[in-house]
Amino acid sequence: MANTAKIVFIGAGSAAFGLSMFRDVFTTNKLAGCTLTLVDLNKDALARMTGLAQAMKKKTGLQVTIEQTTDRRAALDGAGFVVNSVAIDRNRLWRQDFEVPKRHGIRHTLGENGGPGGLFFTLRTMPLIFDFARDVEEICPDALFINLSNPESRILLGLAKHTKVKALGLCHGVFLARWFICQILGLPEADVDLWAAGLNHFQWLRHIRERETGRDLYPLLRQRELEHDPAFAPLSRTLFRAFGLWPTPSDDHLGEYLPYGWEAGEHGFNFTEDERGRGILAKMMDDAIAGDMPAEWLTPSWGERAVQVIAGVLHNQKRFIESGIVLNQGIIPNLPSELAVEVPVIADAAGVHPLSLGPLPDGVAKLLSVQASVQQLSVAAAVHASKELALQALLVDPVITSTDAAHRILEELWAINEPYIRPCV
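Structural data, given as C-alpha cells:
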C-alpha cells in the first residue's frame with residue numbers, strides 16, 4: 374500500500390482521542406502523502422478539530438491532506454483505515470449507568486466496561502458501531518477498523534462474531550499500569566518493559582523487565598510493594614498478593630469486574646471535573662489554532678498506538694504493539710475461544726498478528742472466565758436487542774448482588790437507553 378492511503382477518523386470531534394491522534398500523526402513522517410478524513414456529526418467540534426489539525430500540519434510541515442465531513446459513507450470511499458472513537462451522549466448516559474444501580478443498592482466503581490453500566494454501554498453503543506461496520510463491509514471491505522470506543526472487549530467480540538470487518542481494539546491501559554508499578558519500583562517508566570495478557574481493563578502483567586538488561590523486576594516489585602504507602606492502589610495490590618501477577622490498569626477500572634471492587638472506592642467517574650477539563654482543553658485548542666501551540670502537542674502522545682499500527686501496515690514494518698484487543702481463538706489457551714482478549718500484537722502489511730504468551734496462571738484464568746460469560750451474554754443481548762438476555766447478563770454478573778435490584782435496574786436503564794437499542798443482526 375503506497376503512501377496515498379486514506380485514514381478515516383469517525384468521532385474526530387472527541388477532543389482527547391483527537392488530540393492524541395493528531396500528536397502521533399504529525400510527529401512521524403510515516404504518514405506523509407496520506408489523506409486524513411475527519412468525521413463527526415457535531416459540526417462545531419468537527420470544525421475545531423479540523424482547525425487544530427491544519428494548525429499542527431502548518432507547524433510540522435507534514436504533507437498530509439486533511440478533509441472534514443459529516444457524511445460518514447462518503448468519507449469511507451477509498452479508505453484503507455477506519456479509526457472509531459464515538460460515544461453516544463457520553464457523560465449524560467454514563468452518569469445514569471453509574472447512579473441508577475447505586476440507587477438500587479449495587480456497589481460498583483465506574484459503570485463503563487463492567488457491571489450493569491458496562492451492559493448498558495454495550496446495548497446502546499453496539500448498534501451504532503455495527504452501522505459503521507456494515508458501511509465498511511460495503512464501501513471499503515479491505516480497510517482495517519481500529520476501535521477506540523468502550524466497552525472494547527464487547528465491541529470487538531460482537532464485530533468478530535457478526536461482521537466481516539478486520540477489526541482491532543486499542544487501549545492505553547497497560548501504560549497506566551506501568552505508571553503505577555513504577556511509583557512502587559522507583560524507576561522511570563521508560564526503563565521498564567511490560568508483557569501483558571488478559572481482558573481489556575483486566576490484563577495481567579506476565580513479565581516486568583528492565584528494558585536495557587532484561588532483568589526480571591518482579592522480585593523487586595514484591596519487595597518494595599510491601600513497604601509502599603498502603604493507600605496506594607489497594608485493590609491492585611490485594612489481587613497482586615493473592616494471584617502473584619500485577620493486574621491492569623487501575624483500581625477503578627479492574628474493580629468494575631469484581632463484586633468487591635467498590636472496596637477501593639465507589640465514587641465513580643468525576644463528571645464535573647471532566648466537563649471543566651473539556652472546557653479548558655477547548656480553550657487551549659482555540660489558542661493553538663490562533664498560533665499559540667503548546668510544545669507538548671508537537672510530541673508523540675502517551676500510550677496511544679493507532680498511528681503505529683497504521684504505519685506498520687503501510688510500510689510492512691512489523692511494528693510491535695504492546696496491547697491489542699482481538700478474538701481469542703486459542704491465543705490465551707485457558708480462556709474461551711469466543712472471547713475478546715487483550716494481548717501484544719504485531720502489525721505489518723499482512724495485517725495484525727496476535728502474540729500468545731501462553732496460558733494464564735490457573736487462578737487468574739478462572740477469575741477472567743467469570744467475565745467471559747458476562748461479556749458473551751451482553752453481546753448477545755445487544756445484537757438481538759433482547760431484554761431477556763440483558764436480564765440474564767445482569768444475573769450472571771458478579772457485581773449484581775440482588776435479583777430485585779437487577780430487575781429494577783433493567784427497567785430503568787432500558788427506558789433511558791431504548792432510543793439507541795435495536796437489533797444488529
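Our numbering numbers the first residue of the sequence shown as 374 and each following residue consecutively. Yeah, the Cβ is synthetic: ideal placement off N, Cα and C, and Gly gets one too.
Contact annotation, S729 with I704: C-beta distance approximately 5 angstroms; criterion of less than 8 angstroms satisfied. CA-CA distance, Y633 to L492, rounds to 18 angstroms. No Cβ-Cβ contact shorter than 9 angstroms links T408 with A388.
Its Cα nearest to that of H545, the residue M394 stands out among E785, T776, M394. By the Cβ neighbour-count rule, Q744 is buried, with 16 or more other Cβ atoms within 10 Å of its own. Collapsing the DSSP output to three states places V680 in a helix.
Under the three-state reduction of DSSP output, W577 falls in the strand class. Under the three-state reduction of DSSP, S623 is assigned to coil, being neither helix nor strand. DSSP lists D566, D589 as the beta-bridge partner residues of R582.
Residue pairing by DSSP puts T442 in a beta bridge opposite V412. The residue among V509, Y793, Q427 with its C-alpha nearest the C-alpha of R445 is V509. The continuous stretches of beta strand (DSSP E) do not include F605, and DSSP gives it neither H nor E. With fewer than 16 other Cβ atoms inside 10 Å of its own Cβ, I653 counts as exposed. Residue pairing of I719 in beta bridges, as defined by DSSP: F693, H726.
Around the beta carbon of L414, a 10 Å sphere encloses fewer than 16 other beta carbons of the protein chains shown; the residue is thus reported as exposed.
Residue A420 holds the alpha-carbon nearest to the alpha-carbon of I662 among V680, R584, V547, A420. Looking at the DSSP output, V509 sits in no beta bridge, so it has no partner there. In the displayed model, G542 falls within a strand according to three-state DSSP. Annotation: P706 to G731 spans about 7 angstroms, alpha carbon to alpha carbon. Only residues of its own chain outside the window of five on either side were considered, and among them R480, H481, T482, G628 have a CB closer than 8 angstroms to the CB of W635, listed in chain order. Measuring C-alpha to C-alpha distances from E472 to each of T776, L786, Y793, R795 identifies L786 as the nearest. The DSSP assignment places 488 to 512, 525 to 535 as complete runs of the alpha helix (DSSP H) inside the segment 467 to 540, in order along the chain (cut-off: 4 residues). Rounded to the nearest angstrom, the Cβ distance from P489 to I782 is 5 angstroms, consistent with a contact under 8 angstroms. With respect to the 9 angstroms criterion, L764 and A779 are classified as neighbours on the basis of their beta carbons. The alpha-carbon separation between K416 and D462 amounts to approximately 15 angstroms. In the DSSP assignment, I705 falls outside any alpha helix (DSSP H), carrying neither H nor E. Considering only I383, L411, S751, the residue with the shortest C-alpha distance to V459 is I383. Within its own chain, the residues whose Cβ lies closer than 6 angstroms to the Cβ of S609, once the five positions on either side in sequence are excluded, are P620, D624, listed in chain order. Take Q436, set aside five residues on each side of it, and the residues of its chain with a beta-carbon closer than 7 angstroms to its own are A405, G406, in chain order. Partner residues in the beta bridge of F382, as assigned by DSSP, are L411, V456.
Ranking F503, K430, A452 by CA distance to the CA of R795 puts F503 first.
Here G391 is not bridged, per DSSP, to any residue. Taking the C-beta atoms as reference points, A679 is found nearer than 9 angstroms to L543. Secondary structure at I789: helix, using DSSP grouped into helix, strand and coil.
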